[in-house]
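Residue numbers (our numbering), protein chains in the order written: chain A, 18 to 464; chain B, 3 to 907. We treat Cβ as the ideally placed atom computed from N, Cα and C, and that holds for glycine. As the structure is a computational prediction, the values presented were derived from the model and not from experiment.
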Amino acid sequence: MGRKILLEKTGIENINTYEVYRREGGYSAVEKALKKMTPEEVVEEVKKSGLRGRGGAGFPAGMKWSFIAKPEGVPRYLLCNADESEPGTFKDRFLMEKIPHLLIEGMILSSYALGCNTSYIYIRGEYMWILRILEKALEEARQNGWLGKNILKSGYDLEIYVSPGAGAYICGEETALIESLEGKRGNPRMKPPFPAVKGLWQSPTVVNNVETISSVVSIVNNGGEQYASIGLGKSTGTKLISACGNIRKPGVYEIELGISVEEFLYSDEYCGGINNGKRLKACIPGGSSVPILPHYLVTKTANGEQRLMTYESLADGGFATGSMLGSGGFIVFDEDQCIVRNTWNFSRFYHHESCGQCSPCREGTGWMDKVLKRIEYGKGNMHDIDLLVSISKNIEGNTICPLGDAAAWPVASAIRHFREEFEWHIKEPVKCLETNYGLVKETELEA
Amino acid sequence: MIKTAFINNIPFNFSEGEMILSFVRKYFEKDYIPTLCDAQNLEPFGSCRVCTVEVALQKNGNTKTVASCHTPVIEGSYIYTHSEKVNKIRKNIVELVLTDHPLDCLTCEVNNNCELQTVAAKVGIRDVRYPEGKNHFDRKKDLSHPFMTSDLAKCINCFRCIRACDEVQGEMVLSMAGRGFDSQIIKSNNNNFFESDCVSCGACAQACPTSAISDVFESKSVIYDKKVRTVCTYCGVGCNLDVAVSNGNVKSIQAPYDAEVNNGHTCIKGRFAFTFYNHPDRLKTPLIRKNGELTPATWDEAYDFIAEKINEIKSKYGPDYISGISSARCTNEENYFMQKLFRAVIGTNNIDSCARVCHSPTATGMQRTFGTGAATNSIDEINNTDLILVTGANPTNAHPVTGAKLKQFAMKKPMIVIDPRKTELARYAKYHLQLKPGTNVAVLNMMLYYIVEEGLEDIEFIKNRTEGYDEFKNHILNQNINELEKISGVNKELVKQAAIAYAKAEKAMSFHGLGVTEHLQGTYSVMLLSDLAMITGNIGKKGVGVNPLRGQNNVQGAADMGCQPHQGAGYLDFTKPEIHNLYEEFYGVKLSQKIGYKIPEMFEAMVEGKLKAMILMGEDVVQTDPNSNFVIEALSKLELLVVNEIFMTETAKMAHVILPASSFLEKSGTFTNGERRIQRVNAVVDPIEGTKPDGQIVIDIINKLGYKQADYNPETALEEISKIVPFFAGVKWNELGINGKQWPVMPDGSDTKILHKETFKRGKGKFQTATWHESPEITENKKDFPYILTTNRELEHYNSGTMTRRTNISQIVPDDVLLINPVDAKKHFIAEGDMVCVMSVRGKIDVKAHITDEVEPGILSSTFHFPLVKMNVLTSEISDTEALCPEYKVVSVNIRKSKGVYQNV
Ligand SMILES: Cc1cc2nc3c(=O)[nH]c(=O)nc-3n(C[C@H](O)[C@H](O)[C@H](O)COP(=O)(O)O)c2cc1C
Ligand code: SF4
Ligand code: SF4
Ligand code: SF4
Ligand code: FES
């Protein structure tokens, strides 16, 4: 059994209540930090831990914190990104639902480290019931003196508010989140300036994912070094993976970074293998925005090395033969799934979710949706495939926010690895409506 | 430190923080890098991505594509503006944009003047590879508004219109609704232009790169023979206008970006209210009253008639029985000749101008404290100050372009507004001191008290630069604050906070308007504003000062040129023998040394039979001067009333002779705006047939009366003026350039942005004290007339509306309204739109009610743009004690629901 940090106590009955959470040692990290540590020391421990952002980009949390500007007389803000709307990703929901006080404890620690007196949890609008869970937990924390003025008589004040989104994926992008929190339309901002300099209400701001913030509790309790000793290389600690698709045991798992993809996919402790004894066709290891891997690149890299569940190993091979750990949304396709249909499905999503300010993204996501739909329904032509590649190149790297990239990569990688399947849809306009293409031919694998 | 980066491998210097696009534009032509969402005077936005370039951190290093408009230049980086990759990206992006843009260029309004078209051609698009798809071609045009239009099928979602509305005008009317592909520009709550909150400034239309938002004059694309740069004739901001002319007709107006005054912005009046100029109502022939009827005559007949009458009155009663009112709407040169006509030709100092009825207290007050009655600083210093105090001014309506700048300021930094009405600025201001009309002196004294009490004076400045402080301090500390609080109705804590903020601000700038001057104690309020600036050291540097928002386009100039009864051209005091000699020598004739009548005194003199003739240059005194019935009575006593006008006004109807004048579009000269900026007015079209520029008319009369004066020509006129007006010494017509010069202009031609830098004009600044007095208007009438009526202006109209009512603006604002608080409305059973009878001791009028919390209970406010309403029947002839500026802002009235029915004019 792998070590658990975040989900360690989720099995305990009523751990979602304050009493049980506290009884099980909850909030001891706050006591430790506020009584014995300076904010700088907390930042130091997080730096030592090697903790990387769990929201998708994997940016080292300690380093992000140390960038925050500290102009005199200007407030600083911590925003917890609980917008979790990426298709295939549902780990934050699980964590907040099961053990809400862990996030709140992490928020207090992180806010203290950053010198924030007001912090926000921006939560996906569809997670209304979790918003209630969090508000209840916050009230309990407030009642018990963990929030408010002069917490633990340390002189430190903190308030945390929960604010719901209104159903836009783009508001998970950190600057769109800030705009939305300010009550505006969720258009991502240009960078620079970065949020660490000018974020919420033009003040220095840090945005971190739910899981990132929750991990800080263990780092403060046990020290950064101890956290760094878990995992492999620069992928330290544990990571929540939400696994779904054609597997026997879909669900949220906490893994030690560094276990093999093979173990994760096939062992009974995790996904338990492909459902119904089918063969693996493809896998998207990090949520809908990362490149898709064909079955022969899932458990092994292009060099034939074992593929591991780490930031580095999943990215091995770059865009040509690798992918990304992303937000940990592990989506598995068996041989009966249609890659064209799936790609179209994702494109439809990005088309719907583009905020529309960048012309390449606004128009490009629309066209990818339209063209893919045509191919899927047997109405495409061979130029369409090149057109898709051209559109995705146009978007990639040419937009204000990474949603553009996120929309381009799935299409570009699907065509890269499954071009024959796209061509087959065009060549077999009738058949493609009735049956599926199946696996990639073995000969393709060698090439 | 100079830093270097490479553009296509050639090194160039850049400054820290500069964006790649502006860096490249500095060295190459403006459209070297194509752009769509970038626009002049808007912040970078980064949404079209057409401006993409490749950047490498070192030579032959890996490149990254970035949007050049919002990416800062990195030292030593290599920027590639036209690499194969970049060219391809640009082309593909524009192609994508075109997939949702109707390709019917040939029938489009902006064909050949379309930025999208130009960029598409530039990036080499020949055809679009995409098949038919979902698009937005079926969006309906919006033609609801008299000026603004939209055709959003043409929209490319560049956000320029939204940003113009937010960043330039600050109106926030436009926004993007819906997301992604479905996103669409909306106005207010998805209204059409007419129903939206749009103030018709036209900034969005000017910013839009396509025809998606435009105006009825098609100003972006109209075909013209020439574009003439001139200056707006409406308010004292002095916006520069680019006027497109075709076949001798004015087609449209745009705001030039290189204008220092208005930087590519202007307002509804400047941009759209020009069609009055060839309105059928224009007067086109001289008229002489014969047997009670105004009958057409030739110019010579009219001039002979005038000359004969003047000579007759002069010999019968003497020159002091003749008077004139010059016009702040006319040029400096015209005003100069008007006063010359009276002083040098007729031989009297009975010459005044409408500056009397607006900012004469400013001139008097600031002359007493500083030595010069003009704005101490410049408008663009709004960008260099930390706090702004706005007293008795509603610039978002009356000085829209400056108002927009002030509003932008108030959204970011602290502002104090002293005003009885909750004006638009007051809504944004950090401190709004909502005082009872007529209590400025009380509130300003309170502010000064708290500054002294808190020990926040600038001791150094007071010691080195001012005099009279000890006496002043004594006076201030003896004020009864609780009493003043009661008088003004403003919470003293709030006044204290505002006072502290003003005093503590590193730099504080003060603006004031007619809400300060048009009072019994106008001059005193102006002096207290000067005191506030002096006591805090806010004078003589950038971003500070006392700055009157001058009402009319050339009210500054009319006074500068000597159209006032106590000072000659250049504010020189002719009662002093050496000055008297100077003028006599200069004009080559004997001059009178007797101070003439101020405007209100003129009307009294007429009633008393002491004035027999009057020449009015473009003034509708019946409509605009207080107590209209009295004015009418006075004018009817005259033996000769000559009116130069462009339209038949209420005053002109009473004239013996009417001389048809040309409008600002038809003549040249200079206007001096509220920041002392002398700007060139250039004739855009020939005078409408049958009319002459006022300057020429005045010169014709001068010659008729036997004094030799060459024809009207601004260049030679300025030569003459520069010899007698000291602060015009270096003004030359050909050297004024496109942005003019701010006086004083030295003989070497250099001009002055900031006054009183080292010393005050009068040497030391003089602290002046003032004690609040209730206006007799109130003390005498408040029993029967318990409400206080104050007057205000709408953005859309200009004064008596002679010009603006003759444009489609009347579709937007068709009549005057009376602002009334809901509490008072309820008391009198008045509903929105009901006619209200407003009575003062002098008369009564009917006006339409608008119920709003903009005014407090007990206070009413109304405009006077429409002759039908005759608002000035109510106003009193009480004037500022020092400068005789009428007290338009305080009238004791009573109200009742009227039996009258609403009539549209
Ligand atoms: C379109 C888009 C959607 C995103 N949605 C989320 C999200 O739902 N939750 C999240 O934590 N990060 C999301 N991100 C990433 C955030 O922008 C940001 O990088 C992250 O919250 C930083 O937290 P971390 O450093 O703790 O990972 C999204 C990014 C993009 C471009
Ligand atoms: S890339 Fe797309 S989602 Fe991101 S800012 Fe641009 S248009 Fe909006
Ligand atoms: S005309 Fe001016 S106020 Fe109206 S929408 Fe355009 S920018 Fe805004
Ligand atoms: S209306 Fe014009 S300025 Fe506004 S987004 Fe559309 S194209 Fe751009
Ligand atoms: S001009 Fe730079 S993105 Fe539009």
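Asked, Found
"Contact test: A/ARG202 Cβ vs ligand 2 heavy atom, cutoff 8 Å", "no"
"Opening and closing residue of the alpha helix (DSSP H) in which B/ASN399 lies", "397-400"
"Contiguous alpha helix (DSSP H) assignments of at least 4 residues, all confined to the region 443-477 of chain B", "461-467"
"Distance CB(A/VAL428)-CB(A/ILE408) smaller than 9 Å", "yes"
"A/GLY123 in three-state terms, based on DSSP", "helix"
"Straight-line Cα distance separating B/ILE348 from B/ASP388", "51 Å"
"Given B/ARG808 as reference, the closest of B/GLY860, B/TYR319, B/ILE617 and B/PHE276 once Cα atoms are compared", "B/PHE276"
"Integer Cβ distance of A/LEU169 from A/GLU48, believed to fall under 8 Å", "7 Å"
"Near ligand 5: B/ARG51 beta-carbon under 8 Å from a heavy atom", "yes"
"Closest residue to B/VAL57 among B/SER85, B/ILE726 and B/GLY48 (Cα-Cα distance)", "B/SER85"
"Near-chain A residues of the region 87-110 of chain B - C-beta to any C-beta below 7 Å", "ILE91, ASN94, ILE95, LEU98, VAL99, THR101 and ASP102"
"CB contact check: B/ASN193 to chain A, cutoff 9 Å", "no"
"Selection from A/LYS448, A/LYS81, A/ARG391 and A/SER364 that minimises the alpha carbon distance to A/ALA431", "A/SER364"
"B/ALA395 to B/ALA205 span [Cα, whole Å]", "23 Å"
"Positions along the region 15-46 of chain B whose CB lies within less than 9 Å of some CB in chain A", "LEU38, CYS39 and PRO46"
"Residues bridged to B/ASP106 (per DSSP)", "For B/ASP106, which the question treats as bridged, DSSP gives no partner whatsoever."
"Residues near B/LYS229 in its chain [Cβ-Cβ closer than 6 Å; skip 5 each side]", "ASP244 and ALA246"
"CB contact check: A/LEU198 to chain B, cutoff 9 Å", "no"
"Short CB-CB distance (under 9 Å) between A/SER407 and chain B", "yes"
"Continuous alpha helix (DSSP H) stretch holding B/LYS253: start and end", "Taken as a continuous stretch (DSSP letters only), B/LYS253 belongs to no alpha helix (DSSP H), being part of the beta strand (DSSP E) at 251-256."
"Against chain B: residues of the region 360-380 of chain A by CB proximity under 9 Å", "TYR367, HIS368, HIS369, GLU370, SER371, CYS372, GLY373, GLN374, CYS375, SER376, PRO377, CYS378, ARG379 and GLU380"
"Reduced DSSP secondary structure (H/G/I, E/B, other) of A/LEU164", "coil"
"Bridge partner(s) assigned by DSSP for B/ARG682", "B/THR672"
"Per DSSP, cross-strand counterpart(s) of B/LEU642", "B/ALA615"
"Those runs of the alpha helix (DSSP H) which lie wholly inside the region 345-382 of chain B and span at least 4 residues", "362-371"
"Span of the beta strand (DSSP E) around A/ALA260", "255-262"
"A/GLU461 - DSSP class collapsed to helix/strand/coil", "For A/GLU461, the predicted model reports a pLDDT of 49, less than 50, meaning its position is unreliable; a value from the coordinates is still stated below. Note: A/GLU461 maps to helix in three-state DSSP."
"Limits of the alpha helix (DSSP H) - the one that A/GLY28 falls within", "It is not in any alpha helix (DSSP H) - A/GLY28 carries neither H nor E in the DSSP assignment."
"Neighbouring residues, chain B, relative to A/THR416 (Cβ below 7 Å)", "ARG51"
"Near ligand 1: A/SER102 beta-carbon under 8 Å from a heavy atom", "yes"
"A/THR382 beta carbon near ligand 2 (any heavy atom closer than 8 Å)", "yes"
"CB-CB length for B/ILE726 against B/GLY572, believed under 8 Å", "6 Å"
"A/GLN365 (DSSP reduced to helix, strand or coil)", "In the sequence as presented, Gln is not what sits at residue 365 of chain A; that position holds Arg. Three-state result, A/ARG365: helix."
"Any chain B beta carbon closer than 9 Å to A/GLU461", "With a pLDDT of only 49 at A/GLU461, under 50, the local geometry of the prediction cannot be trusted, and the value read off the model is given with reservation. Chain B contact via Cβ: absent."
"Cβ-based neighbour list, A/SER171, same chain, cut-off 6 Å, excluding 5 preceding and 5 following", "LEU51"
"Start-to-end residues for the alpha helix (DSSP H) that takes in A/PRO308", "Looking at the DSSP string, A/PRO308 is not in any alpha helix (DSSP H), and its letter there is neither H nor E."
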